[in-house]
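Notes follow once the structure below has been shown.
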Amino acid sequence: MEQLGLSEQEIIRREALQELINLGIDPYPAEEYPVNIHTSDIIEQFEDGVENEKLQNVCISGRIMSRRIMGNASFAELQDSKGKIQLYFKRDDICPGEDKTMYNVVFKKLLDIGDIIGVKGFVFRTQMGEISVHVKEFKVLCKSLRPLPIVKEKDGKVFDAFTDPEQRYRQRYVDLIVNPQVKDVFIKRTKIINTMREFFNERGYLEVETPILQSIPGGAAARPFITHHNALNIPLYLRIANELYLKRLIVGGFDGVYEFAKDFRNEGMDRTHNPEFTVLEIYVAYKDYLWMMNFTEEMIEKIALALHGTTKVQYGDNIIDYKRPFRRITMYDAIKEYTGYDIEGKSEDELRQICKDLDIETDPSMGKGKLIDAIFGEKCEHNFIQPTFIIDYPVEMSPLTKKHRSKYGLTERFELMVNGKELANAYSELNDPIDQRHRFEEQLRLSQRGDDEAMYIDHDFLRALEYGMPPNSGMGIGIDRLTMFMTNSQSIQDVLFFPQMKPEKKSEVFDEKVFIEMGIPEDWAKVLIKAGFNSVTQLKQTSVGKLHQILCGLNKKHKLGLKNPSVDEVDQWIKS
RNA sequence: GACUGAUUAGCUCAGCAGGUAGAGCACCUGCCUUUUAAGCAGGGGGUCCGGAGUUCGAGUCUCCGAUCAGUCACCA
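Going by the numbering used here, the first residue of the first sequence is number 279, and it counts up by one from there.
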């Protein structure tokens, strides 16, 4: 009965699976396969006319990606984790004796594109000049029951590429199999993280883990995901940031702590936002934001070099140069540069007027900080394509940042802009507990004014500050965005293995029980559903003769092997 | 959440001005012992996203819904 839901090709593959079993071949063997080399190594190491012992006896495994069968000889492409190589199968080499089953039946009939096999043989170059493995023996390692999308390629040109975004993201495993460039992005992503980790570890900073379930979602302003702890009977939030916990560790006496953290924000999704995302946050004691700027530059330059061997990286139409030093400009100068307005010392009302003049929408809940942020966001941010540090943010926008050492009303904060987007954010951290309390209270006032993004007050964090937190500087950088920039990916979905999607539409299963209860045998009930009957009324509206025809037809078509009912029987089913 | 567009075979896509649903690859049968987007000759395969409507007749027109994508809104 199971063939009812399957395509023709899937049925054929299941039949092949059964035939393999009938031949005594285990399509899913348990034992280790003694692979001794990767495809890419073979291609690198092969030299014409050079006797290479290792290549005389290779043992590789992977997935069959294409087959070209030509009578008693065949070619196939095998793909492993590192690449692809062509295989050459010759009937009389595979089957030296009388019995040609392994070639004629197993290889030619029962194997398919997508199957995973292991082969042993020697490396040679074909007349057409392609380095190939001449197969002496092969072994089925895993039978594939679903046909893969077929992607063909010639001279670097790809035909029938598997491009549908929905399928690529939902079935990333398929995407990874047939689109080799995809793998590359994720390898780079890991390389970015490893480069950063090394950079921090070299300096003696400690990688730590802090809570993801928090009772106060602090450290940033964003709507959280809420969950519930049954045993404690309290709400818990998935963290929107880990900043306040890392600072507690600085209070505790560590010189430098960092965490690659999954954060969660219950907000819109688009090309640059996913509800869960990864941020690196690092805090270093006794440093300030000027030090942190140099540190950040050095780190990013190093990443670019590690990935590309150069500081110049293509992103869309632009070439971004991550060579140190990056441009630095204050937020006020940036606003002056792009709007002509000098907002230094302006009151909230004056700022509101400027917004109006600049055609920027405001609402009454917006304080000075938000107004300035709106001007910057609307008029300036997108202009900073090359890496640029925007420094000295207004105090109202930065409730966790130390006041500027010399400029009144500002804080010691920078954001790194690249490609017109925020990439990193850093401060000289506020360690004055009394000031911190005032800032939180100010946030509370904003929230009472209707700003639903103002920060929550975390009293335990304030208590920690009261014990004394050494001066320090912290920096956060979005790993997903950094990966996008470093791999020329235009969508965050391309740098996440499994981007958030709406749940797959479950095919509406009309319960066959309803038919069974009418007295229809279970097998035939399933056939009826296959035939598209989803309700009793629908069934009763169909003439008995037609129904009988449909049922017998499907039975034959799908080779179900059921005994056809008589017209009278069918009549009784729908009469009841 | 709003607007626009997409949804047809396993995959990539055609399909008109309503009239029995098409191609290439994949699949099946046969031929072919160094091919390569292999080739040659045959063949099967579709709830045209779902539902309702208009019509003698809907993949095609109208409405409702689902999913995806893009833009915007939201998002320091």
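Even for Gly, the Cβ is constructed at its ideal location relative to N, Cα and C. Just so we're clear, the structure is a prediction, and the values are computed from it rather than from any experiment.
Per DSSP, the beta bridge partners of residue 691 are 705.
Spanning the alpha carbons of residue 571 and residue 725 requires a straight line of approximately 31 Å. In chain order, 352, 367, 372, 416 place their CB closer than 8 Å to the CB of residue 385, counting only its own chain and leaving out the 5 sequence neighbours on each side. Bridge pairing for residue 337: 398 [DSSP]. Counting of Cβ neighbours within 10 angstroms places residue 773 among the buried residues, the total reaching 16 or more. With respect to the 7 Å criterion, residue 538 and residue 516 are not classified as neighbours on the basis of their beta carbons. Between residue 423 and residue 292, the beta carbon gap of about 6 Å places them in contact (Cβ cut-off 8 Å). For residue 548, the three-state secondary structure derived from DSSP is strand. Between the stretch 463-477 and the stretch 501-514, the count of C-beta pairs closer than 8 Å stays below three; the two stretches do not touch.
Measuring C-alpha to C-alpha distances from residue 356 to each of 379, 307, 411, 331 identifies 411 as the nearest.
Excluding five sequence positions before and after residue 506, the CB atoms of its chain that fall closer than 8 Å to its own CB belong to 512, 513, 514, given in chain order. A distance below 6 Å between beta-carbons, with the five flanking residues on each side excluded, links residue 307 to no residue of its chain.
A distance of 7 Å or more separates the beta carbons of residue 697 and residue 616.
Taking every protein chain shown into account, the CB of residue 348 has fewer than 16 other CB atoms within 10 angstroms, so this residue is exposed.
If you look at residue 520, you'll find it isn't in any alpha helix (DSSP H); DSSP assigns it neither H nor E.
In the three-state reduction of the DSSP assignment, residue 593 falls in the strand class, which pools E and B. Minimum Cα-Cα distance from residue 565 among the listed residues 297, 758, 747 corresponds to 747. Under the three-state reduction of DSSP, residue 825 is assigned to helix. Contact between residue 603 and residue 575 holds, with the beta-carbon distance rounding to 6 Å and staying under 8 Å. With a cutoff of 7 Å on beta-carbon distance, residue 777 and residue 771 are scored as near each other. The three-state secondary structure of residue 379, taken from DSSP, is helix. When the five nearest sequence neighbours on each side are left out, the beta carbons in the same chain lying within less than 6 Å of the beta carbon of residue 622 are those of 610, in order along the chain. Residue 405 and residue 322 have their C-alpha atoms roughly 19 Å apart. At a cut-off of 4 residues, the continuous stretches assigned as alpha helix (DSSP H) that sit fully inside the stretch 553-606 are 567-586. Taking 7 Å as the cut-off, the beta carbon of residue 703 is found no closer than this to the beta carbon of residue 752. In the three-state DSSP reduction, residue 362 falls in the strand class (E or B). Apart from sequence neighbours up to five positions away, the residues of its chain that approach residue 535 with a beta-carbon distance below 6 Å are 484, 486, 524, 527, 561, ordered along the chain. The alpha helix (DSSP H) runs of length 4 or more contained entirely in the stretch 451-481 are, from start to end of the chain, 458-480.
Residue 296 sits in a helix when the DSSP states are folded into three classes. Relative to the Cα of residue 444, the nearest Cα in the group 794, 718, 779 belongs to 779. Sixteen is the threshold: since fewer than 16 other Cβ atoms of the shown chains lie within 10 Å of the Cβ of residue 439, the residue is exposed. DSSP, reduced to helix, strand and coil, places residue 441 outside both helices and strands of the structure shown, so it counts as coil. In this structure, residue 736 keeps its C-beta atom at 7 Å or more from the C-beta atom of residue 510. The C-alpha of residue 577 is placed about 31 Å away from the C-alpha of residue 686. According to the DSSP assignment, residue 631 belongs to the alpha helix (DSSP H) that extends over 626-635. Per DSSP, residue 328 lies in no alpha helix (DSSP H) and is assigned neither H nor E.
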